[in-house]
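Engineer: Dropping the structure in here first, questions after.
Residue numbers (the working numbering), protein chains in the order written: chain A, 1 to 217; chain B, 1001 to 1217.
This is the structure we're talking about:
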């Protein structure tokens, strides 16, 4: 059975007629579809939004960066808002007012925590890499202890937030359907191109299947 | 000659070895390539990030929403951070540590202002629509005064911020180039699909050329 997040004042922030989704399956589906995310945080009362990549493990999302990064150090133990947004298409209506976009988005709110234990951190980073390219992490040169130390992994419980989804064609005003104006949807998708091998790959090293497994959007 | 934004403490927030770009041509190029944006703001000391669409006019960016939206009302006259981020590919290195993504991103900081004059607002919305679909706005049922009233247009001067760009293949440690590990880049692009006409389009209404003009990413 799908469980739901609580509906809080901030999780129902957006226009009421654009109903939010609070069930975990919907939220998880969007998080799993798109690693690209925006992490919002506050320094000296002012807003900052840093693009990052997230990955989900159960009821938590994680992201990483340099241990030396001011952004990462500020997010640690701080309130953050993580947003993931996927653009699925432009909706062309018969009036400017009813133009829209088809999107799937999630906003999550919570306090970020730092993954302290080096082996737990390594396991999280392995899950991040393997989530995009199954099995790749184990095929790599093992991360040096210093690499792990230089990397900060932050996590946040998926406990407060909401998804928003728009699909389908334009919703015009009834009278406007009589107008000779072209309306419709221009779909937008993420295209994964043919992999480009590094020119310093050793001879005879073939591209592993996991490289072609990437699927986002 | 290309002018540059001032380098401030917050605009050089990100890791120093990933050099920021402050010239306006680079920043404008990224803003013009991708309308999808994330708007960060602060309510009661806590961060919020709302996905939106931006468009640029000279040295300003604009975005819009419902006049009734709590988000829009909070951003008005408030400090905001707008981020645009385009994912161009995944960089697969020989160690987990050196995996990366090719991206183009912009962070902008400033105070949002509200476009008050209805005719100025209408002109801005026309620029937004026409920026994606040249000439479309004039082909539409004219927005009712009530539509314009129900829409809030916010703007921000492009005065403080930075772009960040990563391109190319992996940068591995010299010793790791001897390892028999496949490295390379998996390119990611935005694909615009074939337009889907609304089923209630009137007979004989042909798809205008501007529908096929959309180009983002």
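Positions of the beta carbon are idealized from the N, C-alpha and C atoms, including for glycine.
On a predicted model such as this, the values are computed, not experimentally measured, just so you know.
Quick check: the Cα distance between residue 1016 of chain B and residue 1035 of chain B, rounded to an integer number of angstroms?
Structural biologist: Confidence is the limiting factor: at residue 1016 of chain B the pLDDT is only 45, short of 50, which leaves the residue's position unreliable, though a coordinate-based value still follows. When rounded, the distance between both Cα atoms is 27 Å.
Engineer: Tell me the DSSP secondary structure of residue 1015 of chain B in three-state form.
Structural biologist: Here residue 1015 of chain B scores only 47 on pLDDT, less than 50, and its place in the model is too uncertain to base an answer on.
Engineer: Please check the pair residue 104 of chain A and residue 30 of chain A, which I expect to be a contact at CB under 8 Å, by giving their CB distance rounded to whole angstroms.
Structural biologist: Yes, residue 104 of chain A and residue 30 of chain A are in contact; Cβ-Cβ is about 5 Å, under 8 Å.
Engineer: Count Cβ pairs between the stretch 1132 to 1142 of chain B and the stretch 1156 to 1173 of chain B that sit closer than 8 Å; are there 3 or more?
Structural biologist: Contact fails: fewer than three Cβ-Cβ distances are below 8 Å.
Engineer: State the start and end residues of the unbroken alpha helix (DSSP H) segment that holds residue 1146 of chain B.
Structural biologist: Start and end: 1145 to 1149.
Engineer: Does the beta carbon of residue 23 of chain A come closer than 8 Å to any beta carbon on chain B?
Structural biologist: Not one chain B Cβ lies under 8 Å of residue 23 of chain A.
Engineer: Quick check for students: name the residue ranges of the alpha helix (DSSP H) that lie wholly in the stretch 9 to 78 of chain A, counting only runs of 4 or more.
Structural biologist: Here the runs fully enclosed are 24 to 33, 70 to 75.
Engineer: Is residue 21 of chain A near residue 164 of chain A, with beta carbons less than 8 Å apart?
Structural biologist: Contact: yes.
Engineer: Taking the Cβ atom as the reference point for each residue, do residue 85 of chain A and residue 1051 of chain B lie within a distance shorter than 8 Å?
Structural biologist: It is a contact, given that the beta carbons lie within the stated cut-off.
Engineer: Pick out whichever of B/1064, B/1005, B/1044 has its Cα sitting closest to the Cα of residue 1025 of chain B.
Structural biologist: Closest by alpha carbon: B/1005.
Engineer: Restricting to Cα atoms, I'd like to know which of A/169, A/204, A/107, A/90 is closest to residue 61 of chain A.
Structural biologist: Looking at the Cα atoms, A/107 is the closest of the given residues.
Engineer: Thinking C-beta only, is residue 76 of chain A closer than 8 Å to residue 33 of chain A?
Structural biologist: No. Outside cutoff.
Engineer: Rounded to whole angstroms, how far is the Cβ of residue 1154 of chain B from the Cβ of residue 1063 of chain B, which I believe are closer than 8 Å?
Structural biologist: With 8 Å as the limit, residue 1154 of chain B and residue 1063 of chain B qualify as a contact, their Cβ atoms being about 6 Å apart.
Engineer: DSSP state of residue 1171 of chain B, grouped into three classes?
Structural biologist: Note: residue 1171 of chain B maps to coil in three-state DSSP.
Engineer: DSSP three-state call for residue 215 of chain A: helix, strand or coil?
Structural biologist: DSSP places residue 215 of chain A in coil when its eight states are reduced to three.
Engineer: Between the C-alpha atoms of residue 78 of chain A and residue 41 of chain A, what's the straight-line distance to the nearest angstrom?
Structural biologist: Those two C-alpha atoms are separated by around 8 Å.
Engineer: With distances taken between CB atoms, is the gap from residue 1202 of chain B to residue 180 of chain A smaller than 8 Å?
Structural biologist: Cβ atoms of residue 1202 of chain B and residue 180 of chain A: closer than 8 Å.
Engineer: Please list the partners that residue 97 of chain A has in chain B, where partner means a Cβ-to-Cβ separation under 8 Å.
Structural biologist: Correct list: 1143, 1144, 1147, 1150, 1151.
Engineer: Per DSSP, what kind of secondary structure is residue 1102 of chain B in: helix, strand or coil?
Structural biologist: Strand, per DSSP.
Engineer: Comparing C-alpha positions only, which one of A/90, A/204, A/96, A/173 sits nearest to residue 189 of chain A?
Structural biologist: For the residues A/90, A/204, A/96, A/173, the minimum Cα distance to residue 189 of chain A belongs to A/90.
Engineer: What three-state label does DSSP hand residue 1141 of chain B in the structure shown?
Structural biologist: Correct three-state label for residue 1141 of chain B: strand.
Engineer: Can you check whether the CB of residue 1211 of chain B is closer than 8 Å to the CB of residue 1195 of chain B?
Structural biologist: Cβ distance < 8 Å, so residue 1195 of chain B and residue 1211 of chain B count as in contact.
Engineer: Give the range of the alpha helix (DSSP H) segment to which residue 123 of chain A is assigned.
Structural biologist: Its alpha helix (DSSP H) spans residues 118 to 132.
Engineer: What are the residues of the stretch 1176 to 1194 of chain B that lie near chain A, defined by any Cβ-Cβ distance shorter than 9 Å?
Structural biologist: Answer set for the stretch 1176 to 1194 of chain B: 1176, 1177, 1178, 1179, 1180, 1181, 1182, 1183, 1184, 1185, 1186, 1187, 1188, 1189, 1190, 1191, 1192, 1193, 1194.
Engineer: Taking 8 Å as the CB-CB limit, is residue 1090 of chain B close to chain A?
Structural biologist: Yes, contact with chain A.
Engineer: Taking Cβ positions, are residue 83 of chain A and residue 1049 of chain B nearer each other than 8 Å?
Structural biologist: Taking 8 Å as the Cβ cut-off, residue 83 of chain A and residue 1049 of chain B qualify as a contacting pair.
Engineer: Within the 8 Å Cβ cut-off, does residue 1196 of chain B reach chain A?
Structural biologist: Closer than 8 Å: yes.
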